[in-house]
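Working notes for the structure below.
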Amino acid sequence: MADPVAPVAGRRTVFAGVVGRVEPGLRRALVAAYGVDVGSEATADALAWAWEHLDRVEGMDNPRGYLWRVGQTSARRAARHSRWEAPGLPAGSGSSGLGAAVDEIASDPALPAALARLTPRQRAAVLLVHGYGYTLAEAAGALGCGVSSLRNHLARGLVHLRTTLGADADA
Amino acid sequence: MPDHDLDLDLDRRLARLARSLDEAAPPLPVDEIIARAGKVRRRPLAGSTPPRLLVAAGAMAATVAAAVGVTVLFDRDGSRPADVVAGPPTTPSAGPTTPAVTGVERADASGPVTLERSLPATGVLSVAGPDDGGALVLLDFSGSQVGRGSPGGWYTNDPDRGVDVVSTDTGAIVVREAPPLRDPVPGCAAVHGGGGLRVAAGCGDPEVRVVSADGTSTPLTGAAGAVGHWRYAIASPDGAWVLAQWSAECELPVAYLVDARTGERSAVVSETAHSTALGWAPDGRAVVSTAGGACGDTAWEAGTYLVDPDSDTRTRISPLQSSALFTDRRQYVANRIERMIDQATAELGFAREGCGEPDHGGENVFTCFTFEGHAIEVSARPVAEVIDEPGSGRLRVVCGSVSYTFGEFDISRPPAGLLERASAALLSRLYCTLED
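Listed in order, the protein sequences are those of chains A and B.
Those letters in the first sequence? Residues 2 to 172, by this note's numbering.
Those letters in the second sequence? Residues 280 to 715, by this note's numbering.
Rendered as structure tokens:
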């Protein structure tokens, strides 16, 4: 009789490899787009979906892009009735255990506020490229879109961001 | 501050924020993800499972769309008068008449409405008489009252546009004007689509016109009297009939039913009766309100009626006059483009489960529908924000004021012609004018 544990263990190893490849970009993109709470949950949902559909995910050209979409669906459902929270500053963040992160973000409140005015994709593009230092191709892969599309989101996001921050600085 | 300083500063601030986000949202251990997997349950979209008959109709429509192309779908019958106008009519409309309300500032929404039982997806908004407190009354299509409230200074301007039942930030339920779902036809006062037929009224000449996907139009029916104009015309769910509103002398509203194949028309009540065309019930019966007035007779007892256009049988569902049809939007907040796609997929019977979900807020849309067994991804945005993705394997179509991009959700190289067929099917129910 076959040992049922062995295939699961093998599957887990394969899945760990997938997670290692896709998780950082996926999590960063979803957190940037939808905030810490919703983005983290969406990442977990997307990866859980990947575990359930591992064969399909392995056969994909760009699993990151696909899982971004799965995560988006989850995030939109969660965020349907709420505005985007400034990343790292969810309601009641004082007791959220974010520690130094909150202190650092709280010292620059204008930036999260300006980011909150961008679309989710613009936010993700701006943070992936200018915050995390991703190349345009890497960021496009994470967001499941072409480089030209990514470039558009990035350019629009930066224009809005500069305008908002510039106006705040002038005020 | 000079731009380059701002950029340097911005990069530094974004990098610091990124580090903070990594700390605040650390990676989830693999075993926790696996443990979570069994607990994740995705709900299908509300109302996403179409009736079996609609699926069959949708598949048939898609096959037709694939065979004949989008434009032909709008040209329904060769027997129609053939004086095709190149491009939309440009003469300014005489304009629809709007109830004149002086000295009253119109409220954006009604006062609070109290629901007495579960609200149907669509129904009739009636206005009780002064003896009954002038209340707004929400009815289902059997005439049963499901809610009641105060107008609070609000009234409907355009019965053809319909009203939304929505929840406010404070949780109150109110009624307000629905956004126009059809792209306008320049020079025409009103345009509506249904069952693959797109009709326009108030296009200068007193005619109801059928508008094709390329923007050309042909007359369906002419003036209903020596004096007056057509305010609007609404196609039936199967595209076989048009319910049209004539505004006669003395601004008397007279509702007509027009055969979409022949252009033959007849007054729903009588040519002299005060009758308001409200739209179509989901079962294909026309909804008409009639009442006595300073002008016009009262051929039928005042009230709200459902009229079967094929048999001409009528059912009086309420003694109340009605203002418009309502749509329950309390649970589903959607922008205009989402609603257009929603209606198109519903009309075609295309399932929308399994991938994507409409955006909520903003002007853009990302959603999916099932076509020929494939999940077709659609992103749509106002044309002012068109983003090209050359070489992406996607298909972009500009129709009316919206750019639609079609792709397949989980296969990077879709079967030959799939996206073209899927887009042709959907666009045939979006009732917009295709860009060359």
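Yeah, the Cβ is synthetic: ideal placement off N, Cα and C, and Gly gets one too.
On the CB-based measure, 16 or more other CB atoms within 10 Å of its CB, does residue i come out buried or exposed?
i         : result
A/Glu-42  : buried
B/Gln-610 : exposed
A/Asn-153 : buried
B/Thr-555 : buried
B/Arg-461 : buried
B/Thr-449 : exposed
B/Cys-482 : buried
B/Gly-374 : In this predicted model, B/Gly-374 has a pLDDT of only 37, less than 50, meaning its place in the structure is not dependable; the value taken from the coordinates is given anyway. Exposed, by the Cβ-count rule.
B/Asp-607 : buried
A/Thr-164 : exposed
A/Thr-44  : buried
B/Asp-310 : exposed
B/Val-566 : buried
B/Pro-303 : Here residue 303 of chain B is Ala; the residue named in the question, Pro, does not match the sequence. Buried, by the Cβ-count rule.
B/Ala-335 : With a pLDDT of only 31 at B/Ala-335, under the threshold of 50, the placement of this residue in the model should not be trusted; the figure read from the coordinates follows. Its Cβ having fewer than 16 others within 10 Å, B/Ala-335 is exposed.
B/Ala-659 : buried
B/Val-564 : What sits at residue 564 of chain B in the sequence shown is Arg, not Val. Result: buried.
B/Thr-393 : exposed
Give me the Cβ distance between residue i and residue j, rounded to the nearest whole Å; I'm assuming they're in contact under 8 Å.
i         : j         : result
B/Arg-700 : B/Thr-684 : So it is not a contact: roughly 16 Å between Cβ atoms.
B/Phe-648 : B/Arg-631 : 5 Å
B/Val-489 : B/Ser-496 : 6 Å
B/Leu-697 : B/Glu-651 : 7 Å
B/Pro-306 : A/Glu-24  : 6 Å
B/Ala-552 : B/Trp-579 : 7 Å
A/Arg-124 : A/Leu-116 : 5 Å
B/Val-406 : B/Leu-415 : 6 Å
A/Gly-132 : B/Ala-297 : 3 Å
A/Arg-70  : A/Gly-145 : 6 Å
B/Leu-499 : B/Val-470 : About 13 Å separates the two Cβ atoms, so there is no contact after all.
A/Asp-46  : A/Gly-72  : 6 Å
Which chain B residues sit within Cβ distance under 8 Å of residue i?
i         : result
A/Asp-109 : Arg-292, Arg-295, Leu-296
A/Pro-69  : First, the residue type needs correcting, since residue 69 of chain A is Trp and not Pro in the sequence shown. Near A/Trp-69 there are no residues of chain B at all, since even the closest Cβ is about 11 Å away, more than 8 Å.
A/Val-127 : Leu-293
A/Gly-40  : Ala-304
Would you report the Cα separation of residue i and residue j, rounded to the nearest angstrom?
i         : j         : result
A/Thr-74  : B/Asp-587 : 42 Å
B/Leu-705 : B/Gly-475 : 10 Å
B/Tyr-434 : B/Ser-389 : 8 Å
A/Leu-128 : B/Ser-299 : 12 Å
B/Ile-452 : A/Thr-136 : 48 Å
A/Arg-157 : B/Trp-509 : 44 Å
B/Gly-558 : A/Tyr-67  : 41 Å
A/Ala-49  : B/Pro-532 : 59 Å
B/Cys-678 : B/Thr-712 : 5 Å
B/Val-454 : B/Arg-440 : 13 Å
B/Arg-618 : B/Ala-505 : 38 Å
B/Arg-708 : B/Thr-624 : 8 Å
B/Ile-620 : B/Ala-613 : 10 Å
B/Ile-616 : B/Val-464 : 17 Å
B/Arg-540 : B/Asp-562 : 20 Å
B/Gly-402 : A/Ala-51  : 42 Å
B/Ala-718 : B/Asn-436 : Residue 718 of chain B lies beyond the range of chain B shown here (280 to 715); nothing can be said about it.
B/Thr-377 : B/Gly-413 : Bear in mind that the predicted position of B/Thr-377 carries a pLDDT of just 37, short of 50, making it too unreliable to give a figure here.
B/Gly-518 : A/Pro-64  : 43 Å
B/Gly-501 : B/Leu-417 : 35 Å
B/Val-548 : B/Arg-595 : 12 Å
B/Gly-473 : A/Leu-112 : 47 Å
A/Arg-12  : B/Ser-682 : 42 Å
B/Val-779 : B/Cys-529 : This structure cannot settle anything about residue 779 of chain B, because the visible part of chain B is limited to 280 through 715.
B/Pro-458 : B/Ser-601 : 19 Å
B/Ser-397 : B/Arg-295 : 51 Å
A/Glu-59  : B/Ala-316 : 17 Å
Give me the chain B residues within the contact set of residue i, using Cβ-Cβ distance strictly less than 7 Å, ordered along the chain.
i         : result
A/His-161 : Correct list: empty, because the minimum Cβ distance to chain B is about 12 Å.
A/Tyr-133 : Ala-297
By the criterion of Cβ-Cβ separation under 9 Å, what are the contact partners of residue i in chain A?
i         : result
B/Leu-674 : The contacting residues do not exist; B/Leu-674 stays about 14 Å from chain A at best.
B/His-709 : Checking the displayed sequence, the identity of residue 709 of chain B turns out to be Leu instead of His. Chain A residues near B/Leu-709: none, gap ~22 Å exceeds 9 Å.
At 9 Å on the CB atoms, spell out the chain B contacts of residue i, in chain order.
i         : result
A/Leu-112 : Leu-289, Arg-292, Leu-293, Arg-295, Leu-296
A/Leu-166 : Leu-285, Asp-288, Leu-289, Arg-292
I want to verify the contact list: residues of chain A whose CB lies under 7 Å from the CB of residue i, in sequence order.
i         : result
B/Leu-476 : Near B/Leu-476 there are no residues of chain A at all, since even the closest Cβ is about 33 Å away, more than 7 Å.
Using a Cβ cut-off of 7 Å, which residues of the stretch 306–317 of chain B contact any Cβ in chain A, in chain order? Pro-306, Leu-307, Val-309, Ile-312, Ile-313, Arg-315, Ala-316
Against chain B, which members of the stretch 13–36 of chain A pass a CB distance test of less than 8 Å? Arg-13, Phe-16, Ala-17, Val-20, Glu-24, Pro-25, Arg-28, Arg-29, Val-32, Ala-33
Which residues, in chain order, does the stretch 44–59 of chain A contribute to contact with chain B at a C-beta distance below 9 Å? Thr-44, Ala-45, Asp-46, Leu-48, Ala-49, Trp-50, Ala-51, Trp-52, Glu-53, Arg-57
In chain order, what residues of the stretch 546–566 of chain B put their CB closer than 8 Å to some CB of chain A? none
Near-chain A residues of the stretch 593–606 of chain B - C-beta to any C-beta below 7 Å: none
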